[in-house]
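Protein chains: 2
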Amino acid sequence: MNWLESISVGLLGLGTVGSGVVKIIEDHQDKLIHLIGCPVKVKKILVQNTNKKRDVHVEPSQLTTNVHEVIEDPDIDVIIEVMGGIEQTREYLLEALNRKKHVVTANKDLMAVYGTELLKKATDNGCDLFYEASVAGGIPILRTLVDGLASDRITKMMGIVNGTTNFILTKMSKYGTPYEEVLKEAQRLGYAEADPTSDVEGLDAARKMAILARLGFSMEVDLEDVEVKGITDITQEDIDYSKRLGYTMKLIGIAHRSGDKIEVSVQPALLPDHHPLASVQDEYNAVYVYGEAVGETMFYGPGAGSLPTATAVVSDLVGVLKNMRLGVNGRSAVAPQYQKQLKAPEEIFAQYFLRIHVEDQVGAFSKITSLFSDRGVSFEKILQLPLKNKDLAEIVIVTHKASKKDFEEILMELRDLQVVKEVKSTYRVEGNGLL
Amino acid sequence: MNWLESISVGLLGLGTVGSGVVKIIEDHQDKLIHLIGCPVKVKKILVQNTNKKRDVHVEPSQLTTNVHEVIEDPDIDVIIEVMGGIEQTREYLLEALNRKKHVVTANKDLMAVYGTELLKKATDNGCDLFYEASVAGGIPILRTLVDGLASDRITKMMGIVNGTTNFILTKMSKYGTPYEEVLKEAQRLGYAEADPTSDVEGLDAARKMAILARLGFSMEVDLEDVEVKGITDITQEDIDYSKRLGYTMKLIGIAHRSGDKIEVSVQPALLPDHHPLASVQDEYNAVYVYGEAVGETMFYGPGAGSLPTATAVVSDLVGVLKNMRLGVNGRSAVAPQYQKQLKAPEEIFAQYFLRIHVEDQVGAFSKITSLFSDRGVSFEKILQLPLKNKDLAEIVIVTHKASKKDFEEILMELRDLQVVKEVKSTYRVEGNGLL
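Chains as they are written, first to last, in full-length UniProt numbering: chain A, 1 to 435; chain B, 1 to 435.
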């Protein structure tokens, strides 16, 4: 590798993010030369179709449909993976790392599932493996956890880490637009995929939370450890009640450490309107981080998109190249400090929102409330309203902190009560008080 | 230096931040050992009075009133400077760097004035000089500019980088409390100094903006290049009109690049209520960064305080120690890429808020508005209201974009108009549209 000439990188994938990477490397060549000391060129790009018309300028000679031409090219020092996918992509990257190529990836699915294996392979081969773009696109949150808050003990992270669902909930909340209609708008604007399952069911957010929890708590966290609930059951009634009670409904990833144990989940939750995350609108992302010493911080920005994500990728590339210049690649990954310990349901505490329909008869209310008081769960807020044209009343409750175990048992008992017609909805309520 | 034993650091100063540093190093010893591979101890601390009672536990043998015992101690590898002050402190740190000690400082005054000299001295001696804590305490913003957004071209930064003034403006705005009263409350709570001049006149914010502009634009920026106006002239009327027009009044540091030229300033400005900075309340800080590729990002957190600031200091210390482990100290500072080029007044564009008292007579309004239209400055909003018990009217104008030169000339002409009784106030209006 001759620093006076140039650095060659190989690109796997030339979709929206890949095109952004090509564009940024081209546009910011002067800055890259200033930072790194030599030009950076994209030598080979793996694509599915070499004849497709592209938004960015690439020479036909750069394109190939044969992955080996990229990961086996001896001139190429760094592989940038922006093709997506899991199993096949894992094999390519393991192969690249075995050939001592550094890797930058934007692939959250891959890192959530095979992150540990890939990072170990990178360290074993003296290679860097950076993946800032995999969580919250344009927000440099992984670096912040690893370097910026290196000296602190992070106890809670809450993230709006999926732009699609935040866009949908913002529109439902602001304009009362029904879910199906906003989803279509999101698809039209390119904020949602044709098959939106991974977004709206919370799986995409869960992958990002697994990655965040791993780094923030320095603990091995698997995707299966993340409890997930999506936004498809949220009704306009729930959103309206939230507002009325001073809350904003968001799809929130929560990673919480108490003592040595952690919990990680993704679910729609109610945040007080004054909480910093509550004002994160539309397709924007934000990660709220609470550290014992630093207190409350929040990092806000675009969570997706061609150029924001590509910025994170190229910033990682700059990190790899600076390390190459210093001769210290493959030494920044730190193995987890702690053994995985997950909280049991009786150790997970939250406030809860609950909306139920009950028969409008004498004593119904006290039957319900006694279920809560029997378990020592008290109320922060209660609304009771008659329902039109029915012998039913609607009761909305916000509890004080209760264990997940207690709350779920209360729910089961409520469903068994004759006066309870239906439990319409339940949500966690977060962000009241610091933790 | 023996990695199996421990790293010794020397501390200059044991005030609120210094005490926080001692506490964090003590509390997080396990994490530090995990990250660095050996314990970290504070060997010597420079204090003014060795007998003073302290909030943190320190051995009498750690304390000294003689700076040479700290910066000349051959066991000490890193000097942490949290004593404040400029001239004397500069001398100590130059001496420490000459002796090949790495330096971590929280001193914005020093870095704003002598940053370039000190960084050069550090590089010449193969030493690290880190100063994350000097801007926005607990928010790792400098790292974000240098690493996280390394591949982007930053064109605008707006910062709420002074907690005292944000606290005061939040209270004035929320509760209508008069300036003097809120200032006293801030002093009582420890958010403002006994002599609040540096905060309320915008000087503290100016120092931080000089540091941010230097890093964000990769250009030498001196403190004298920052135009400064403080908050002492803000009246409740101005705040009320802001609200009425959908704006929030904040003390904002603005660093803006257009082409190759920059402007840096600190002043009270009006932000649209929906702007991410507008919801930053009380003593919190936030830095909004616009990059050409990444778009809008914002970094939020505590701007001061013992533990948040100490977190930033110790995270910098971890950075120094990781570099020691890798043998790459003194190689992360990057010289500015660009020559300083400041915008002339005719190249600085902003919207302006203007409140004037005029004689309530026929034709007054058109005389005033024609001054604007003569220079091609149009209006976004105008309010005209009669004033009680006077033959005067109050006119409030928000202009569309105008150059600073045009606006200042219009102001002079307004003051010369006979119908204009008084120009009560003018403010920049920021954050409408992306740039």
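Virtual Cβ for every residue (Gly too), placed ideally from N, Cα, C.
Just list the residues that DSSP pairs residue i with in beta bridges.
i: residue 268 of chain B; result: B:251
i: residue 389 of chain A; result: Note: residue 389 of chain A sits in no beta bridge, so no partner.
i: residue 256 of chain A; result: A:156, A:263
i: residue 323 of chain A; result: Bridge partners of residue 323 of chain A: none, in fact.
i: residue 285 of chain A; result: A:301
i: residue 338 of chain B; result: B:219
i: residue 295 of chain B; result: B:291
i: residue 10 of chain A; result: A:44, A:79
i: residue 407 of chain B; result: Answer is none; residue 407 of chain B lacks a bridge partner.
i: residue 379 of chain B; result: B:399
Quick check on residue i: does DSSP put it in helix, strand or coil?
i: residue 103 of chain A; result: strand
i: residue 443 of chain A; result: A question about residue 443 of chain A goes unanswered here, because the residues of chain A that appear run from 1 up to 435.
i: residue 274 of chain B; result: coil
i: residue 227 of chain B; result: strand
i: residue 86 of chain B; result: coil
i: residue 399 of chain A; result: strand
i: residue 384 of chain B; result: strand
i: residue 418 of chain B; result: coil
i: residue 352 of chain B; result: strand
i: residue 359 of chain B; result: strand
i: residue 63 of chain A; result: strand
i: residue 306 of chain B; result: helix
i: residue 244 of chain B; result: helix
i: residue 373 of chain A; result: helix
i: residue 428 of chain B; result: strand
i: residue 129 of chain B; result: strand
i: residue 5 of chain A; result: coil
i: residue 394 of chain A; result: strand
i: residue 16 of chain B; result: helix
i: residue 423 of chain B; result: strand
i: residue 436 of chain A; result: An answer regarding residue 436 of chain A cannot be provided, because it is not within the stretch 1 to 435 covered by chain A.
i: residue 345 of chain B; result: helix
My assumption, with CB atoms under 8 Å, is that residue i sits in contact with residue j. Please give the rounded CB distance.
i: residue 176 of chain B; j: residue 143 of chain A; result: Not quite, the Cβ-Cβ distance comes to about 42 Å (not below 8 Å), so this is no contact.
i: residue 253 of chain B; j: residue 159 of chain B; result: 4 Å
i: residue 398 of chain A; j: residue 379 of chain A; result: 7 Å
i: residue 297 of chain A; j: residue 138 of chain B; result: 6 Å
i: residue 151 of chain A; j: residue 28 of chain B; result: 6 Å
i: residue 34 of chain B; j: residue 337 of chain A; result: 5 Å
i: residue 44 of chain B; j: residue 69 of chain B; result: 6 Å
i: residue 324 of chain A; j: residue 255 of chain A; result: Actually they do not touch by this definition, with Cβ atoms about 33 Å apart.
i: residue 355 of chain A; j: residue 405 of chain A; result: Actually they do not touch by this definition, with Cβ atoms about 21 Å apart.
i: residue 330 of chain B; j: residue 84 of chain B; result: At roughly 25 Å, the Cβ-Cβ gap does not stay under 8 Å, so residue 330 of chain B and residue 84 of chain B are not in contact.
i: residue 25 of chain B; j: residue 314 of chain B; result: 6 Å
Can you name, in chain order, every residue of its own chain whose Cβ lies under 6 Å from the Cβ of residue i, other than the five neighbours on each side?
i: residue 210 of chain A; result: 112, 221, 223, 226
i: residue 349 of chain A; result: 401, 403
i: residue 56 of chain B; result: 19, 22, 23
i: residue 316 of chain A; result: 104, 130, 132
i: residue 48 of chain B; result: none
i: residue 257 of chain B; result: 155, 217
i: residue 437 of chain A; result: Since the first residue shown for chain A is 1 and the last is 435, residue 437 of chain A is missing from the structure and cannot be characterised.
i: residue 282 of chain B; result: 167, 170
i: residue 231 of chain A; result: 165, 200, 251, 268
Under 7 Å Cβ to Cβ from residue i, same chain only, skipping five residues before and after it: list those, please.
i: residue 186 of chain B; result: 164, 167, 168, 192
i: residue 359 of chain A; result: 391, 392, 419, 421
i: residue 269 of chain A; result: 250, 252, 427, 428, 429, 430
i: residue 135 of chain A; result: 108, 141, 142, 161, 208, 211, 212
i: residue 5 of chain B; result: 38
i: residue 2 of chain B; result: Residue confidence for residue 2 of chain B is low, a pLDDT of 45 falling below 50, so the modelled location carries little weight and cannot support an answer.
i: residue 110 of chain A; result: 86, 89, 90
Output needed for residue i: all residues of its chain with C-beta closer than 8 Å, excluding positions within five of it in sequence on either side, in chain order.
i: residue 351 of chain B; result: 380, 398, 399, 400, 401, 402, 428, 429, 430, 432
i: residue 260 of chain A; result: 338, 341
i: residue 54 of chain A; result: 14, 19
i: residue 318 of chain B; result: 32, 35, 36
Next on the checklist: Under 8 Å, with one C-beta from each stretch per pair, do the segment 4–15 of chain B and the segment 410–430 of chain A reach the 3-pair mark?
Outcome noted: As far as the Cβ criterion goes, the segment 4–15 of chain B does not touch the segment 410–430 of chain A, which means the pair count is below three.
Item to check | Stretch-stretch touch, CB-based, cutoff 8 Å, three pairs: the segment 226–237 of chain B with the segment 198–208 of chain B | outcome: yes
Checklist entry - Is the segment 80–95 of chain B touching the segment 112–129 of chain B in the sense that three or more CB pairs, one from each, lie closer than 8 Å? => result yes
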